[in-house]
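Q: Per our numbering, the very first residue in the sequence shown carries number 3; after that it's consecutive. Could you have a look at this structure, given as structure tokens, before my questions?
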Amino acid sequence: MSALEIIEQIKALPLEEKVEVAKFVQQLDLKAAASTVEPRYMDEASFATAKQKVFTKHSDLLSKLAQ
């Protein structure tokens, strides 16, 4: 059965069943997205550089938050 045939069958379903199909497809999309997202890591030197930039740029705000 082709994707086009499946789509046509879904279009012919009653609303309640279309909702179930939509939930199923969304669940598949979420599982696929969760399994393909790779965590991103930063080496220590890059982290130290970024940290210094953030603390330098926002030192006033960070001081106020620390009070």
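Beta carbons: idealized from backbone N, C-alpha and C, even for Gly.
Which residue comes first and which comes last in the alpha helix (DSSP H) that contains Asp62?
A: To locate residue 62, count along the sequence shown from 1; it is residue 60. 61-68 is the span of the alpha helix (DSSP H), which, as asked, contains Asp62.
Q: Assuming Ile8 and Lys20 form a contact by the criterion Cβ under 8 Å, report the distance between their Cβ atoms to the nearest whole angstrom.
A: The count along the sequence shown starts at 1 and reaches residue 8 at position 6. The count along the sequence shown starts at 1 and reaches residue 20 at position 18. No, Ile8 and Lys20 are not in contact; Cβ-Cβ is about 13 Å, not under 8 Å.
Q: Quick check: Leu67 and Phe57, are their CB atoms within less than 9 Å of each other?
A: Here the question's residue 67 lines up with position 65 in the sequence shown. Here the question's residue 57 lines up with position 55 in the sequence shown. Taking 9 Å as the Cβ cut-off, Leu67 and Phe57 do not qualify as a contacting pair.
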